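A short write-up of the structure that comes next.
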Amino acid sequence: MKFGINTYLFSSPFTNESTSYFPQFKNWGFDFVEIALEDPGDIDPELVRKALDDSGLECRSVCAATGPGRDLRGTRKEQVTSIEYVEALIRIAPVLGSKLVVGPVYSAVGRAEFVPDDERRKQWELVAGNLKTLADFAEKHGVKLAIEPLNRYETDFINTCDQALRMIETVGSDALQVHLDTFHMNLEEKDPALAIQRAGHRLGLLHASGSDRGTPGGDQINWDRIFAALDHIHYQGDIVIESFTPDVKVIAKAASIWRQVEPSREAIAVEGLRFLRSLAF
Numbered sequence: 001m002k003f004g005i006n007t008y009l010f011s012s013p014f015t016n017e018s019t020s021y022f023p024q025f026k027n028w029g030f031d032f033v034e035i036a037l038e039d040p041g042d043i044d045p046e047l048v049r050k051a052l053d054d055s056g057l058e059c060r061s062v063c064a065a066t067g068p069g070r071d072l073r074g075t076r077k078e079q080v081t082s083i084e085y086v087e088a089l090i091r092i093a094p095v096l097g098s099k100l101v102v103g104p105v106y107s108a109v110g111r112a113e114f115v116p117d118d119e120r121r122k123q124w125e126l127v128a129g130n131l132k133t134l135a136d137f138a139e140k141h142g143v144k145l146a147i148e149p150l151n152r153y154e155t156d157f158i159n160t161c162d163q164a165l166r167m168i169e170t171v172g173s174d175a176l177q178v179h180l181d182t183f184h185m186n187l188e189e190k191d192p193a194l195a196i197q198r199a200g201h202r203l204g205l206l207h208a209s210g211s212d213r214g215t216p217g218g219d220q221i222n223w224d225r226i227f228a229a230l231d232h233i234h235y236q237g238d239i240v241i242e243s244f245t246p247d248v249k250v251i252a253k254a255a256s257i258w259r260q261v262e263p264s265r266e267a268i269a270v271e272g273l274r275f276l277r278s279l280a281f
């Protein structure tokens, strides 16, 4: 099991200059970086890979940012834009050393609305078809695509692990996995530990975030049960700290971070990593 940090805690958008954080991440004890890449054109992948190598870090996952205009259930233009964006991430991932692209790639984050059942079925089939295209593309590039359920305030489409698993079953591709997040599970799952067990071998990544989006361990999540569930499924994947502060304004607004939840970004990273390692099996 390896532990990483999502770059959203320190940088948005991620650019070549953001690699200046890498040595500090290494000094704090992280094994790898999860790069949240809003625009593939913002980086030179070879330059970023060299910076990772020079710092003794890996990039083990690339996190998609599906804001407005990137929507697999939107207009035809939005679908094409989203497919092209995710395909670009899939191409870039191996250059960075990663075999995993993660996130809520199925819809634009923030799209949350009540629709009739027949419309929901149409959206489901539309997304499944588009995900099949992306899964086939990922498979050709030796990359897995892990879809992340979000809480009800950020999407109306996939909120739970069971829904994500049902989408994977609908698509029918081994290139698709589940990406679970403790913050979202704390809001949407009846029992987050059981959700992890249901994901089983399909669990491709776990985001660790406090129940208030703060430091893992300084919150009300039952972390002992989370790690017991990971042990139960013999999870050998990665755990990434994904938390936010008001320092990165764009992400703070998107994640509704209106106050300073923790003393600093460094505190989240250092204390969170120490806590998670203490529970690792």
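Here the sequence shown is numbered in full-length UniProt numbering, starting from 1 and rising by one per residue.
In this text, a Cβ means the ideal position worked out from N, Cα and C, and glycines have one as well.
Please read all numbers here as calculations on a predicted model, not as lab measurements.
Asked, Found
"Name the two residues that bound the continuous alpha helix (DSSP H) containing GLY129.", "117-140"
"Assess contact between the segment 150-163 and the segment 100-112, defined as three or more Cβ pairs (one per stretch) separated by less than 8 Å. Is contact present?", "yes"
"Strictly by DSSP, which residues pair up with LYS2?", "ASP238"
"Hey, how far is the Cα of ARG198 from the Cα of ASP162?", "8 Å"
"Nearest CA to the CA of HIS141: which residue from GLU262, GLU87, SER61?", "GLU87"
"Could you check the C-alpha separation between PHE10 and ASP42 for me, to the nearest Å?", "16 Å"
"Which complete alpha helix (DSSP H) runs does the segment 56-101 hold, if anything under 4 residues is left out?", "76-96"
"At which residues does the alpha helix (DSSP H) containing LYS26 begin and terminate?", "22-28"
"Please return the same chain residues whose Cβ sits closer than 7 Å to the Cβ of LYS137, not counting the five positions on each side in sequence.", "The sequence given here places Phe at residue 137; Lys does not occur at that position. The residues are GLU87, ILE90."
"Would you be able to state if there are at least three C-beta pairs under 8 Å between the segment 15-25 and the segment 58-68?", "no"
"Look at THR66 and PRO23 and say whether their C-beta atoms are less than 9 Å apart.", "no"
"Please confirm whether PHE275 and TRP223 have their CB atoms less than 9 Å apart.", "yes"
"Within its chain, find whatever has a CB closer than 8 Å to the CB of ALA193; leave out the 5 residues flanking it on each side and keep chain order.", "ASN222, ARG225, ILE226, ALA228, ALA229"
"According to DSSP, is GLN260 helix, strand or coil?", "coil"
"Following the continuous beta strand (DSSP E) through LEU205, name the residue where it begins and the one where it ends.", "203-208"
"In chain order, what are the residue ranges of uninterrupted alpha helix (DSSP H) at least 4 long that sit wholly in the segment 156-237?", "161-171, 182-188, 192-199, 223-232"
"Where does LEU150 fall in DSSP's three states?", "coil"
"In the structure shown, what three-state DSSP assignment does LEU37 receive?", "coil"
"Looking at the secondary structure, which residues open and close the alpha helix (DSSP H) in which GLU271 lies?", "265-279"
"Report buried or exposed for LEU57, applying the criterion of at least 16 other Cβ atoms within 10 angstroms of its Cβ.", "buried"
"How long is the line joining the alpha carbons of GLU25 and GLU266, rounded to whole angstroms?", "Correcting the residue identity first, residue 25 is Phe in this sequence and not Glu. PHE25 and GLU266: Cα-Cα distance of roughly 10 Å."
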